[in-house]
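S.K.: The sequence shown runs 51 to 403 under my numbering.
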Amino acid sequence: MENTDRELDFLAIGDIVNDDFVALRDARVFEDRDGVSMLAMRFGDKIPYKERELIMAVGNSPNGATSATRLGLRAGIMTHVGDDEMGAKTIQALKDRGVNTEFITTEAGKTTNYHFVLRYKAERTILIKHEDYAYNLAAQTENKPLPKWIYFSSVGEDSMQYHHDIAQWVKENDIKMAFQPGTFQIKLGYETLKDIYEASELFFCNVEEAERILEPVLGESTIDSNREKNINDRKAQVVFLIQEMRKLGPNIVCITDGPGGAYAFDGTDGWHIPMYPDPATPVDRTGAGDSFSSTFTSALIMGKTLDEALRWGPINSMSVVQHVGAQAGLLERAQLEQHLADAPAEYKAEKLI
51 MENTDRELDF
61 LAIGDIVNDD
71 FVALRDARVF
81 EDRDGVSMLA
91 MRFGDKIPYK
101 ERELIMAVGN
111 SPNGATSATR
121 LGLRAGIMTH
131 VGDDEMGAKT
141 IQALKDRGVN
151 TEFITTEAGK
161 TTNYHFVLRY
171 KAERTILIKH
181 EDYAYNLAAQ
191 TENKPLPKWI
201 YFSSVGEDSM
211 QYHHDIAQWV
221 KENDIKMAFQ
231 PGTFQIKLGY
241 ETLKDIYEAS
251 ELFFCNVEEA
261 ERILEPVLGE
271 STIDSNREKN
281 INDRKAQVVF
291 LIQEMRKLGP
301 NIVCITDGPG
311 GAYAFDGTDG
321 WHIPMYPDPA
331 TPVDRTGAGD
341 SFSSTFTSAL
351 IMGKTLDEAL
361 RWGPINSMSV
371 VQHVGAQAGL
381 LERAQLEQHL
391 ADAPAEYKAE
401 KLI
């Protein structure tokens, strides 16, 4: 089936949540004996907070759908909500943003996901609880139009068959898939989700995630050897990881490296882009990765080249971290292109491979 003239350009698939942000003022951060950063507050006490804000209809995939919509694509979301008041409000919030909601399933007897986000300085700690939804791709797609692309990310743990069904669906229907694995999907490992990796046109993760995914494939010693061999050459470290990630099946692999920028490789050309400079100290880093990957995907859908898409992604990330939550800072296309035009001379894609 030829992938042309489809109703949706971009269909995000993944769980949706409502985030209740609580800004802390009486807390501290310390490292435990294993070097893990810990958030501490007084136990058994009344602890004042600065402010709170409820942000509706978020999560990796909803953030992606909202980003694509704001950039001008016809975007929708395939997800689940409960048959409660919050579920109805969640759907309305998406409609208000212009996101197509016809692929949403409202499950009887279930509640809509609700998270508490503890903000301290520019970082956040999220208290999560995911409802156990009944994932059923056949029911969700019955009598629905096929999208050009899907953007697949975090889903609940009872979803193994759902992954396999999605891999088969995109192959059979000439749908291009961008895969940005969530924590659970990374934990499952490559072998378990081999068909998803192989069905992916586009894959996103950060450096640490790439090492976790590749370690069972290549062995811990190979991952350690790459770090040691290129201890003073971060780009060489990431180039090795991005080449190995592509061997797992995706056509294009993007790896982000925080302040070190981002990388993309399509088997022929490899590129690096630095961070787009922050205009001020970041307010909240929630959604920075989602904004990068969804913007990169949107740029490719719009016909941009690999290096052009790589220049688009960090701009939306820069804007998002200047606001609370993952969506308030998402840019419209004209705004993004203006930032691109105003970019400093050093903000340019460098060819690596």
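We treat Cβ as the ideally placed atom computed from N, Cα and C, and that holds for glycine.
#1: What do you reckon, are the CB atoms on E101 and A73 nearer than 8 Å?
#2: Quick one: residues in its chain with C-beta nearer than 8 Å to the C-beta of F80, no 5 flanking neighbours on either side, listed in chain order?
#3: Taking G375 as the reference, give the member of V288, M227, A172, Y212 with the closest Cα.
#4: So what does DSSP say about E52, is it helix, strand or coil?
#5: Among the candidates M210, F346, A143, whose CA atom is the shortest distance from the CA of I66?
#6: For D82, is the classification buried or exposed, using 16 other Cβ atoms within 10 angstroms of its Cβ as the cut-off for buried?
#7: Let's see if you can read the secondary structure: which residues bound the beta strand (DSSP E) around D224?
#8: Enumerated in chain order, which unbroken segments of the alpha helix (DSSP H) with a length of 4 residues or greater are wholly contained in the region 114 to 167?
#9: Just reading off the alpha helix (DSSP H) that H322 is part of, what are its end residues?
#10: For E52 and D224, what's the separation of their Cα atoms in angstroms?
#11: Please determine, among A125, D84, R75, the residue with the shortest C-alpha to C-alpha distance to E57.
#12: CB-CB under 8 Å to I236, same chain, minus the five flanking residues each way: which ones, in chain order?
#13: Would D182 be called buried (16 or more neighbouring beta carbons within 10 Å of its own) or exposed?
#14: Take the Cβ of I351 as the centre, count every other Cβ of all protein chains shown within 10 Å, and call the residue buried at 16 or more, exposed below.
#15: Kindly give me the distance between the Cβ atoms of E251 and N301, rounded to whole angstroms, as I take these residues to be in contact under 8 Å.
#16: Residue range of the beta strand (DSSP E) that N68 falls in?
#17: Does the beta-carbon of P197 have 16 or more other beta-carbons within 10 angstroms, so that it is buried, or is it exposed?
#18: Where does S87 sit, in a helix, a strand or coil, going by DSSP?
#19: Over the uninterrupted alpha helix (DSSP H) stretch that includes I338, give me the two end residues.
#20: Would you decide whether S275 is buried or exposed? Buried here means 16 or more other CB atoms lie within 10 Å of its CB.
#21: What is the rounded straight-line gap between the Cα of T191 and the Cα of G85?
#22: Less than 6 Å between C-beta atoms, sequence neighbours within five positions excluded: which residues of the same chain meet that for H389?
#23: How about S71 and A118: do their beta carbons lie closer than 8 Å?
#24: Whose C-beta lies closer than 7 Å to the C-beta of V220 among residues of the same chain, with five residues either side of it excluded?
#25: How about G64 and F253: do their beta carbons lie closer than 8 Å?
M.R.: The short version:
#1: Yes. Within cutoff.
#2: Cβ neighbours of F80 beyond the five flanking positions: S87, M88, A90.
#3: Among V288, M227, A172, Y212, the Cα nearest to that of G375 belongs to A172.
#4: Confidence at E52 is low in this model, with a pLDDT of 49, below 50, so the placement of that residue should be treated as unreliable; the coordinate-derived value is given next. In the structure shown, E52 sits in coil (DSSP, three-state: anything other than H, G, I, E or B).
#5: The option with the nearest alpha carbon to I66 is A143.
#6: That one is exposed.
#7: Careful: D224 lies outside any beta strand (DSSP E) and carries neither H nor E.
#8: DSSP runs (the alpha helix (DSSP H)) wholly in the region 114 to 167: 135 to 146.
#9: For H322, no alpha helix (DSSP H) encloses it; the enclosing beta strand (DSSP E) starts and ends at 320 to 323.
#10: The predicted position of E52 is uncertain, since its pLDDT is 49 and thus under 50; a value taken from the coordinates is nonetheless stated next. Taking the straight line joining both Cα atoms gives about 7 Å.
#11: Considering only alpha carbons, the answer is A125.
#12: C255, E259, R262, I263.
#13: Its Cβ having fewer than 16 others within 10 Å, D182 is exposed.
#14: A buried status is given to I351, since no fewer than 16 other beta-carbon atoms sit within 10 Å of its beta-carbon.
#15: In this structure, E251 and N301 form a Cβ contact; the two beta carbons are roughly 5 Å apart against a cut-off of 8 Å.
#16: 67 to 74 is the span of the beta strand (DSSP E), which, as asked, contains N68.
#17: With 16 or more other Cβ atoms within 10 Å, it is buried.
#18: The DSSP-derived three-state label of S87 is strand.
#19: One detail in the question is off: residue 338 reads as Ala in this sequence, not Ile. For A338, the enclosing alpha helix (DSSP H) covers residues 338 to 351.
#20: Under this definition S275 is an exposed residue.
#21: Distance between the alpha carbons of T191 and G85 is about 46 Å.
#22: Counting only Cβ-Cβ distances below 6 Å, and skipping sequence neighbours, we find I365.
#23: For the sequence presented, residue 71 should be read as Phe rather than Ser. In this structure, A118 does not lie closer than 8 Å to F71 by Cβ.
#24: Contacts found: I200, M227, A249.
#25: No, these two residues do not count as a Cβ contact at 8 Å.
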